[in-house]
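Everything on this sheet refers to the single structure shown next.
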Amino acid sequence: MPVGFAAREEASDHLHLAVVDGGVGLRGSLSLNPRYRGVSTAEALELILVEGASRFDEPGRGGSLKRIREVALRNSGKFYVRSLDGVFFQEDVEWQVGRSFFFPGVQISIRLPKRLFLDGAPGEG
1004 MPVGFAAREE ASDHLHLAVV DGGVGLRGSL SLNPRYRGVS TAEALELILV
1054 EGASRFDEPG RGGSLKRIRE VALRNSGKFY VRSLDGVFFQ EDVEWQVGRS
1104 FFFPGVQISI RLPKRLFLDG APGEG
């Protein structure tokens, strides 16, 4: 059974959220959909995080990581995902996919301006 944890860091100007698990990784999950078998880790990260691809074919299932990335982008946040031997990083409008040292499972890091979480702040949904 995969093991995971979540952490939160609060600074004066931002909130940093991190989630980690030791599962099959994003490529492993996506490859459960026959359409995506054989994609590389970098391709899987781009398909999931930019295009909203999912292991599910049913409408409305999957795509949440793309939506979270878009919320971070709209709010001048930073978004980082590391899975297996791949890494995805977005700061401002630019995003990059690359290779990294192997990491079992998935590591997600989101940094958002603290003003989004203050009383009376406009919501992003």
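In the numbering used here, the protein residues as written are 1004 to 1128. Every residue gets a Cβ at the ideal spot worked out from N, C-alpha and C, and that includes glycine. Every value quoted in this text rests on a predicted model; they were computed, and no experiment measured them.
In this structure, the CA atom of leucine 1076 is about 8 angstroms from the CA atom of phenylalanine 1082. Separation of the CB atoms of leucine 1020 and alanine 1047 is rounded to 22 angstroms, and the pair is thereby denied contact status at 8 angstroms. Taken in chain order, the whole alpha helix (DSSP H) runs of length 4 or more contained in the stretch 1011-1035 are 1028-1033. About 19 angstroms separates the Cβ atoms of phenylalanine 1106 and arginine 1072, ruling out a contact at the 8 angstroms cut-off. Per the C-alpha coordinates, the member of Gln1110, Val1096 and Trp1098 positioned closest to aspartate 1088 is Gln1110.
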